[in-house]
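Chains as they are written, first to last, in numbering that gives the first Met the number 0: chain X, 0 to 231; chain G, 0 to 271.
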Amino acid sequence: MEDVNAPHSMGTTIIGITYDGGVVLGADSRTSTGMYVANRASDKITQLTDNVYLCRSGSAADSQVVSDYVRYFLHQHTIQLGQPATVKVASNLIRLLSYSNKNMLETGLIVGGWDKYEGGKIYSVPLGGTLLEQPFAIGGSGSSYLYGFFDQAWKEGMNKDEAEKLVVKAVSLAIARDGASGGVVRTVIINSEGVTRNFYPGDELPLWHEELEPCSSLLDILSSTGPEPMSI
Amino acid sequence: MGVLVKEAIDVPPKGGFNFDLCRRNEMLLKKGVQAPSFRKTGTTIVGLVFQDGVILGADTRATEGPIVCDKNCEKIHYMAPNIYCCGAGTAADTEAVTDMVSSQLQLHRYATGRESRVVTALTLLKSHLFSYQGYVSAALVLGGVDVTGPHLHTIYPHGSTDTLPFATMGSGSLAAMAIFESKYREGLSREEGIRLVCEAICSGIFNDLGSGSNVDVCVITKGHKDYLRNHMLPNPRTYVSSKGYSFAKGQTEVLSTKIMPLREKVELGRDV
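Here it is, written out as structure tokens:
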């Protein structure tokens, strides 16, 4: 039985890609405490401002605290600046906290958003506190299985639907191979028009090599009076 | 730019938790020195959201290693008139942290003149637990109903939180979660919700060695709460000696008697 005191970590697959007009962020939804899934429907894409979102991986507590601080600083910054914060400023604040507390923190983050100066941008802030601007970024334990996939499948100038399909496909491939990733696929699309959140339940994802069709237990036909199990 | 925690080099830390004794304790453990066992609430605690609010449930066994030190302890702690919190982990830590945040919430109510919100309690608890880096061993299920609606959160010892429609924590959490995953649905009525919570706690009581005794339930709805202490007693004491348990004087042989007054009684005469 897993110790309740084992650190709550997000095994995770997180992805952020730019497309022609904005960015698409994607993540799985599994949070584990040792070998137990503590939350099978967590939301790892958190809002920093109206136009900038953050994908979190690594220690759940560390990433939540960093995102809370940066949301607070960005709110102050927006008031002082008088206009929406840029993605560059948001990711720089993340990087300043991650780098100066690198001994204490264990969290890999991907910042994505849209602003009027640079358009859609993705910044990656991995474990040591580097800041890296990239056309696409992947992170978390499941990302190991996606490096080759993105080398082959990524191309410049995709449209919104192609980009989102690519993200969903990539996260579901990682979920298939990484034990620490699972649950549902959540995506967030950010562009000049605003923000769209989408949700893809685990049983509606495409099936890959040797994966079987989901099938309800035949015991369900025996107990006809029981209530429906909650579907996620 | 404020830093969260000072870097662990030779600079003496100013304020915040001093982790030196934690390093010493680890070194002592390696040398074979037994740490004193502390009172843990082995525990099954659960919470779920139903159509009118939230229902929290808990077992009532407190353990000190393999011994049950309290057969009927209270694990559902008061935070605010509309917010309650179940606690698993070290009993002292859950008591202290919930009492502390409960007082902070009351001061906040006086300052703002409003009913406390669940997210306020959540933020106070998570920032306290994070700053102690998991050494305050308190795993909590926080539930309540405020102006923004019903809320249910889990808080882990390292300071991370989750917001869920149903949640379980403690050593019996796997047993209770099995019940919830198969029978929970949205929009449960009050009776169905209480029944499901009791079932989940009983699953922990009977299948987990760290949980036992009775079931406590707390139902929180808008403007009203029901703290059902010992709502179910599935473990009554079955054997009671017919002879009774009083032992009259004379049953044990007395070998010698010595009476020592604890305080010298000084008698003062009338004229000093």
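We put the CB at the ideal spot given by N, CA and C, even for glycine.
For residue i, the three-state DSSP class (helix, strand or coil)
i: G:Ser245; result: coil
i: X:Gly201; result: helix
i: X:Asp42; result: coil
i: G:Gly211; result: coil
i: G:Met78; result: strand
i: X:Lys80; result: In the sequence as presented, Lys is not what sits at residue 80 of chain X; that position holds Leu. DSSP places X:Leu80 in helix when its eight states are reduced to three.
i: X:Arg196; result: strand
i: G:Asp58; result: coil
i: G:Phe165; result: strand
i: G:Asn206; result: helix
i: G:Lys231; result: It should be noted that the sequence gives Met, not Lys, for residue 231 of chain G. G:Met231: strand per DSSP, three-state reduction.
i: X:Ala179; result: coil
i: G:Val96; result: helix
i: X:Gly147; result: helix
i: G:His150; result: strand
i: G:Gly192; result: helix
i: G:Cys85; result: strand
i: X:Ser31; result: strand
i: X:Leu73; result: helix
i: X:Thr11; result: coil
i: X:Leu206; result: coil
Interface flag, residue i vs chain X, CB-CB below 7 angstroms
i: G:Lys5; result: With a pLDDT of only 49 at G:Lys5, under the threshold of 50, the placement of this residue in the model should not be trusted; the figure read from the coordinates follows. False, the Cβ-Cβ gap to chain X never drops below 7 angstroms.
i: G:Met0; result: Because the pLDDT of G:Met0 is 45, which lies under 50, any placement of that residue in the model is unreliable, and the number read from its coordinates should be weighed accordingly. Cβ-Cβ to chain X under 7 angstroms: yes for G:Met0.
i: G:His152; result: no
i: G:Phe205; result: no
i: G:Phe16; result: no
i: G:Asp215; result: no
i: G:Phe129; result: yes
i: G:Ser102; result: no
i: G:Asp58; result: no
i: G:Gly158; result: yes
i: G:Asp161; result: yes
With 16 other Cβ atoms within 10 Å as the buried cut-off, status of residue i
i: G:Lys224; result: buried
i: X:His208; result: exposed
i: X:Gln63; result: buried
i: G:Met176; result: buried
i: X:Leu265; result: There is no way to answer for residue 265 of chain X, as the model of chain X reaches only from 0 to 231.
i: G:Cys72; result: buried
i: G:Val32; result: exposed
i: G:Val265; result: exposed
i: G:Thr251; result: exposed
i: G:Lys74; result: buried
i: G:Val253; result: exposed
i: X:Arg185; result: buried
i: X:Gly147; result: exposed
i: G:Ile258; result: exposed
i: G:Asp98; result: exposed
i: X:Ala152; result: exposed
i: X:Ser171; result: buried
i: G:Ile193; result: buried
CB contact check: residue i to chain G, cutoff 7 angstroms
i: X:Ala22; result: For clarity, residue 22 of chain X is Val in the given sequence; the question names Ala instead. Answer no: the Cβ-Cβ gap between X:Val22 and chain G never drops below 7 angstroms.
i: X:Val69; result: no
i: X:Val64; result: yes
i: X:Asn38; result: yes
i: X:Ala84; result: no
i: X:Ala175; result: no
i: X:Ala59; result: yes
i: X:Pro213; result: no
Nearest-angstrom beta carbon gap, residue j and residue i [assumed within contact, 8 angstroms]
i: G:Arg60; j: G:Ser170; result: At roughly 10 angstroms, the Cβ-Cβ gap does not stay under 8 angstroms, so G:Arg60 and G:Ser170 are not in contact.
i: X:Gly10; j: X:Asp177; result: 7 angstroms
i: X:Ala40; j: X:Gly182; result: 6 angstroms
i: G:Gly55; j: G:Cys217; result: For the sequence presented, residue 55 of chain G should be read as Leu rather than Gly. G:Leu55 to G:Cys217, Cβ: 4 angstroms. Contact.
i: X:Asp27; j: X:Ser180; result: 4 angstroms
i: X:Gly128; j: X:Ser97; result: 4 angstroms
i: G:Val48; j: G:Phe205; result: Their Cβ separation, rounded to whole angstroms, is 25 angstroms, which puts G:Val48 and G:Phe205 out of contact at 8 angstroms.
i: G:Val144; j: G:Asn81; result: 6 angstroms
i: G:Ile167; j: G:Val45; result: Before going further, note that residue 167 of chain G is Thr rather than Ile in the sequence given. So it is a contact: roughly 5 angstroms between Cβ atoms.
Element boundaries [alpha helix (DSSP H), containing residue i]
i: X:Leu165; result: 159 to 176
i: G:Thr119; result: 117 to 130
i: G:Met259; result: It is not in any alpha helix (DSSP H) - G:Met259 carries neither H nor E in the DSSP assignment.
i: X:Ala26; result: Run containing X:Ala26: none in the alpha helix (DSSP H); it sits in the beta strand (DSSP E), 21 to 26.
i: X:Lys87; result: 86 to 99
i: G:Lys29; result: 19 to 30
i: G:Lys182; result: 172 to 182
Residue i: CB within 6 angstroms of a non-hydrogen atom of the ligand FMN
i: X:Cys54; result: Of the ligands one can find in the structure shown there are none, so the ligand FMN has no counterpart to examine.
Endpoints, the beta strand (DSSP E) within which residue i is located
i: X:Phe135; result: 135 to 138
i: G:Phe49; result: 44 to 49
i: X:Ser58; result: 51 to 58
i: X:Asn102; result: Looking at the DSSP string, X:Asn102 is not in any beta strand (DSSP E), and its letter there is neither H nor E.
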